[in-house]
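Read through the structure below, which is laid out as structure tokens, and then see the notes.
Residue numbers (UniProt numbering): 1 to 150.
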């Protein structure tokens, strides 16, 4: 290779860096503030999306009771807490929880299950005028879960 002769560019190569870098404090502060704003927004908006604790408890009790009435043992078993799932198989859930008739769920009240905060939800089973009411105990365990009858 020859170092003589006409070259396309006679200038020396340009330096790799044009100059000292600029500080990016403003960008870092904006990213930090944006992250904090998103976190606070998520905490504020989450109850609006998932519903209040009472709404979640009522919904779980309603789905559980309707699954039992529809003979959907897998869905009902999936809504049980870990202790109840360990105690019962899916085909045994109806034996402990199902009552004759059509279920209707009432308003939950705060309760207690072995020192753990729980919600007690009344479920009335109407069988053509004969009404049987049970109190489902619902706890927070990876979401609201049915954990027995009070």
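Positions of the beta carbon are idealized from the N, C-alpha and C atoms, including for glycine.
Note that this is a predicted model, so its numbers are computed, not measured.
Look at residue 140 here: in three-state DSSP terms it is strand. Runs of the beta strand (DSSP E) lying entirely within the region 102-137 and spanning at least 3 residues, in chain order: 102-105, 109-113 and 116-127. In this structure, 103 is the residue among 76, 22, 103 and 68 with its C-alpha nearest to the C-alpha of residue 130. Take the alpha-carbon of residue 135 and the one of residue 38: they are about 39 Å apart.
Exclusion of the five residues before and after residue 127 leaves 100 and 101 as the residues of its chain whose Cβ lies within less than 7 Å of its Cβ.
Comparing C-alpha distances from residue 119 to each of 34, 53 and 43 shows the shortest one belongs to 53.
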